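So the sequence shown is numbered by our numbering: it starts at 61 and just counts up by one.
Every residue, glycine too, gets a C-beta built ideally from N, C-alpha and C.
Every value quoted in this text rests on a predicted model; they were computed, and no experiment measured them.
Below: one structure, written as structure tokens.
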Amino acid sequence: MAPRNLAGWLEWQETLNPAEIDLGLARMHTLVGMLPIKPPPGAVITIAGTNGKGSCAAAIEYLLRQSGRSTALYSSPHLVCYNERICIDGQPVEDAEIVQAFERIEAVRGDTSLTFFEYGTLAAFCIFSDHSCDAWVLEIGLGGRLDAVNVIDADIAVITTVGLDHQAWLGDTIDAIAVEKAGIMRADKPVFYGDRAVPSGVLAFAAETGSRLGVLGKDFDYTIAPDSWSWQGQSVRISNLELPPGAGEEQVRNLSTALAAVETFNSGVLADQAALSGLAFSASLPGRFQLYEDTHRWILDVAHNPQAAAALACKIRTTGDAPLTVILALQRDKDVAAFACELAPSATRWIACSTEGYRAYKSTELAAQLSGVVDEPVTAADSVGEAIEIARREAGPGGRILVCGSFMLVGPVLELLGLYSRGTRG
61 MAPRNLAGWL EWQETLNPAE IDLGLARMHT LVGMLPIKPP PGAVITIAGT NGKGSCAAAI
121 EYLLRQSGRS TALYSSPHLV CYNERICIDG QPVEDAEIVQ AFERIEAVRG DTSLTFFEYG
181 TLAAFCIFSD HSCDAWVLEI GLGGRLDAVN VIDADIAVIT TVGLDHQAWL GDTIDAIAVE
241 KAGIMRADKP VFYGDRAVPS GVLAFAAETG SRLGVLGKDF DYTIAPDSWS WQGQSVRISN
301 LELPPGAGEE QVRNLSTALA AVETFNSGVL ADQAALSGLA FSASLPGRFQ LYEDTHRWIL
361 DVAHNPQAAA ALACKIRTTG DAPLTVILAL QRDKDVAAFA CELAPSATRW IACSTEGYRA
421 YKSTELAAQL SGVVDEPVTA ADSVGEAIEI ARREAGPGGR ILVCGSFMLV GPVLELLGLY
481 SRGTRG
């Protein structure tokens, strides 16, 4: 018997395919051909990258919506509510609409064994088609070439950055990972790379497919002043843009890449000062260097790989010199040593925290690994609530508490601190 509510459907879907990650497009092609999925009349903009995908996707969606277009945004993972993943015109859809899409998928699925992510991706495509949105903004889940999202051809592709992450599925080198992410490119379609150093895998794939590659520093660029930043595209120059709140240069890179993608599709909105005035905040998503102060100074960031940890470490140095207690959770495929070493110079204490999911380290396992890498004291916490309690006690009044390493940690902490409300998009 099919589940009746969204929570029941999500729990049931996790039993369908024994592999949580099972890359490949065959199942998706089969189901897309059986469902009323119709790509939009405007454009499909697909975003891949090791870090910055969510912020870049949010900025693109915002600018397209400001131009008067109806928008669909698919992103993952979610922080607290599954609905965050599927947005129409900037708002998460309701449970009933997602359940209805799941029912339609199940009616035609037969014996095809879908993963949790594939089920959600198909549901998003069904909902987007129902709403006849002008443009779809799609964030890749993992990699690109074999990710479920890539079953839909991109009219505009974006690759934010390439770093070492998910090596078990994508390869052990930057170039190998770059090729996987470059798989979202399509022949004679534009693709924008959001870093100045372009991996050879991206260059080779663009040449092989005939994609029109635009690169930061060559085809579009930015300059940062003390209180603003400026952007130069192919034909548009914008000055005196507001800097993203509390963010480092990587967020300006994300916004710069988003502007390049939007210029290709709808350059007119880049002359709209009202739209541009909200650009800095459009990519300020929950759990991305989010600051909060009560009796302690909280820093919440979903950074979960060494590249993101390095950027986070730079920003932490701007938050003062009070003792820093780090609450950390990581998935088993992450490089604990490389991640911790980026943050260790600022940390005074570590709390290893257990989170849900079989891929996550248990607190005692993570604590053991941390103890072999860092010199600071390490404590294990079996729950998020316990980790918060320990952190408050050990950090002392006015101390800084950094929460990082996993969406599955940052989301629950946001809830427990009262910083999350339904309708928030992560």
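When we look at the beta-carbon of residue i and count the other beta-carbons within 10 Å, is it buried (16 or more) or exposed?
{"i": "C374", "result": "exposed"}
{"i": "I376", "result": "buried"}
{"i": "S466", "result": "buried"}
{"i": "A183", "result": "buried"}
{"i": "E323", "result": "buried"}
{"i": "Y418", "result": "exposed"}
{"i": "R256", "result": "exposed"}
{"i": "A30", "result": "Residue 30 is absent from the model: the chain starts at 61 and stops at 486."}
{"i": "A67", "result": "exposed"}
{"i": "L476", "result": "exposed"}
{"i": "I284", "result": "exposed"}
{"i": "T317", "result": "buried"}
{"i": "F341", "result": "exposed"}
{"i": "V396", "result": "buried"}
{"i": "S299", "result": "exposed"}
{"i": "G93", "result": "exposed"}
{"i": "G293", "result": "buried"}
{"i": "Q311", "result": "buried"}
{"i": "P100", "result": "buried"}
{"i": "S547", "result": "What the structure shows of the chain is the stretch from 61 to 486, and residue 547 is not part of that stretch, so it cannot be assessed."}
Go ahead and pull the three-state DSSP assignment for residue i.
{"i": "L303", "result": "coil"}
{"i": "V140", "result": "coil"}
{"i": "Q391", "result": "strand"}
{"i": "I461", "result": "strand"}
{"i": "F280", "result": "strand"}
{"i": "A428", "result": "helix"}
{"i": "A407", "result": "coil"}
{"i": "R313", "result": "helix"}
{"i": "E475", "result": "helix"}
{"i": "E446", "result": "helix"}
{"i": "P101", "result": "coil"}
{"i": "G274", "result": "strand"}
{"i": "S28", "result": "This structure cannot speak to residue 28, because the chain is shown only from 61 to 486."}
{"i": "P366", "result": "helix"}
{"i": "I237", "result": "helix"}
{"i": "V209", "result": "helix"}
{"i": "E416", "result": "coil"}
{"i": "V251", "result": "strand"}
{"i": "D190", "result": "helix"}
{"i": "I298", "result": "strand"}
{"i": "R348", "result": "coil"}
{"i": "D171", "result": "coil"}
{"i": "A455", "result": "helix"}
{"i": "E121", "result": "helix"}
Note down the Cα distance separating residue i from residue j, rounded to an integer number of angstroms.
{"i": "T172", "j": "R87", "result": "7 Å"}
{"i": "K241", "j": "L372", "result": "23 Å"}
{"i": "W410", "j": "V362", "result": "16 Å"}
{"i": "F188", "j": "M245", "result": "22 Å"}
{"i": "S431", "j": "V463", "result": "18 Å"}
{"i": "L330", "j": "P137", "result": "29 Å"}
{"i": "C147", "j": "P96", "result": "19 Å"}
{"i": "T220", "j": "Y253", "result": "6 Å"}
{"i": "F177", "j": "A161", "result": "14 Å"}
{"i": "V104", "j": "D213", "result": "7 Å"}
{"i": "A398", "j": "G204", "result": "24 Å"}
{"i": "I81", "j": "T175", "result": "7 Å"}
{"i": "S423", "j": "P259", "result": "36 Å"}
{"i": "G384", "j": "A400", "result": "One detail in the question is off: residue 384 reads as Leu in this sequence, not Gly. Cα-Cα distance, rounded: 13 Å."}
{"i": "K278", "j": "D232", "result": "28 Å"}
{"i": "K113", "j": "G261", "result": "19 Å"}
{"i": "D149", "j": "A368", "result": "29 Å"}
{"i": "S135", "j": "E446", "result": "30 Å"}
{"i": "V251", "j": "D190", "result": "28 Å"}
{"i": "S127", "j": "A335", "result": "8 Å"}
{"i": "S443", "j": "V296", "result": "50 Å"}
{"i": "Q333", "j": "G306", "result": "22 Å"}
{"i": "Q391", "j": "G328", "result": "43 Å"}
{"i": "E545", "j": "A238", "result": "Residue 545 is absent from the model: the chain starts at 61 and stops at 486."}
{"i": "L139", "j": "V470", "result": "7 Å"}
{"i": "P437", "j": "A427", "result": "10 Å"}
{"i": "F185", "j": "E144", "result": "15 Å"}
Would you please state the rounded distance, in angstroms, between the beta carbons of residue i and residue j? I believe it to be under 8 Å.
{"i": "Y142", "j": "L83", "result": "Not quite, the Cβ-Cβ distance comes to about 21 Å (not below 8 Å), so this is no contact."}
{"i": "P304", "j": "L315", "result": "7 Å"}
{"i": "T131", "j": "N365", "result": "Not confirmed; about 28 Å, so no contact."}
{"i": "A195", "j": "L123", "result": "Incorrect: roughly 10 Å between the Cβ atoms, too far for contact."}
{"i": "A382", "j": "G458", "result": "6 Å"}
Residue i: beta carbon under 6 Å from a heavy atom of the ligand ADP?
{"i": "A117", "result": "Inclusion of the ligand ADP in the displayed structure is not the case, the ligand content being empty and no account of it being possible."}
* Asked: With a cut-off of 8 Å, do at least 3 Cβ pairs link the stretch 245-260 to the stretch 269-289?
  -> Result yes; three or more Cβ-Cβ pairs closer than 8 Å.
* To do: Count the C-beta pairs between the stretch 87-96 and the stretch 270-289 that are closer than 8 Å, then say yes if the count reaches three, no if not.
  => The answer is no - the stretch 270-289 does not touch the stretch 87-96, with fewer than three Cβ pairs under 8 Å.
* To do: Would you check if the stretch 408-425 and the stretch 339-353 touch, i.e. whether three or more CB-CB distances between them fall below 8 Å?
  => As far as the Cβ criterion goes, the stretch 339-353 does not touch the stretch 408-425, which means the pair count is below three.
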